[in-house]
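Per the working numbering, residue -15 is the first one in the sequence shown, and the count goes up by one each step. The C-beta atom is built at its ideal place from N, Cα and C for all residues, glycine as well. Bear in mind that the values here come from a model prediction, so they are computed numbers and not experimental data. Following: one structure in structure tokens, then a few remarks.
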Amino acid sequence: MTEEMEEDSSQNVAVYDNFKFVTKSELAQLGLDHLVGSNLLRAYMHGYFIDLRLYEKAKAIANPFAYEEYLARKKLEKLEKERQSRIRARDPSKSAKVNRSLATKLVEEQNVEVDEEQEVSSKDIKNKKRARDTAKALLKDDRFTDLFNDPDFEIDQDSADYRLLHPSHRKPQ
């Protein structure tokens, strides 16, 4: 019985395996927005299904150097990994290529000493200890290394969202 079920599932091929879902903005970037309404695009919800081969060709034409850029980026990442294995940076704020202000802020929080003898409530002491521990975790955890190295994770301090979340923060000139 299980063998029959396996055979049935292997014969069922999804209808849209050869198609790629794209939005209207992606169509405009690829220069294929003139195909709207033709039989090459199938409208679906907030976008379209396009034949995968046509999509790949259009993508290659729209950005002919994408593969070379990808290879160069991978090569640089590989070199960075080799460099990291040879040389260890002591101060994470100095080794951060991106978000240096965040790294220095985390180093400062990490170095904050919590004096339990001061007349401060136990709640404040717990909050300071928790902030110090999270700062240590962010700086030392390998999962967050891209936050300080990858330009895709750069915090834009000029954006409206950042200014709404940090109204008292002013970017140094």
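DSSP-derived helix/strand/coil call for residue i
i           : result
residue 45  : helix
residue 24  : coil
residue 4   : strand
residue 126 : helix
residue 139 : coil
residue 117 : helix
residue 108 : helix
residue 35  : strand
residue 17  : helix
residue 144 : helix
residue 96  : coil
residue 50  : helix
residue 133 : helix
residue 82  : coil
residue 69  : helix
Proximity to residue i [Cα-Cα], best of the options
i          : options            : result
residue 81 : 149, 5, 92 and 129 : 129
residue 2  : 20, 67, 39 and 23  : 39
residue 45 : 16, 117 and 59     : 16
residue 29 : 85, 50 and 5       : 5
Alpha-carbon spacing of residue i relative to residue j, whole angstroms
i           : j           : result
residue 42  : residue 144 : 34 angstroms
residue 147 : residue 153 : 7 angstroms
residue 52  : residue 110 : 51 angstroms
residue 7   : residue 23  : 16 angstroms
Cβ distance (whole Å) where residue i is taken to contact residue j below 8 angstroms
i           : j           : result
residue 87  : residue 137 : Between residue 137 and residue 87 the Cβ distance is about 12 angstroms, and since that is not below 8 angstroms, they are no contact.
residue 107 : residue 96  : Contact flag wrong, Cβ pair sits at about 16 angstroms.
residue 47  : residue 139 : Not quite, the Cβ-Cβ distance comes to about 27 angstroms (not below 8 angstroms), so this is no contact.
- Task: Evaluate the contact criterion for the stretch 80 to 95 versus the stretch 107 to 127: three or more CB pairs, one atom per stretch, below 8 angstroms.
- Result: yes
- Message: Any contact between the stretch 2 to 13 and the stretch 34 to 52? By contact I mean 3 or more CB pairs, one from each, below 8 angstroms.
- Response: The stretch 2 to 13 is in contact with the stretch 34 to 52.
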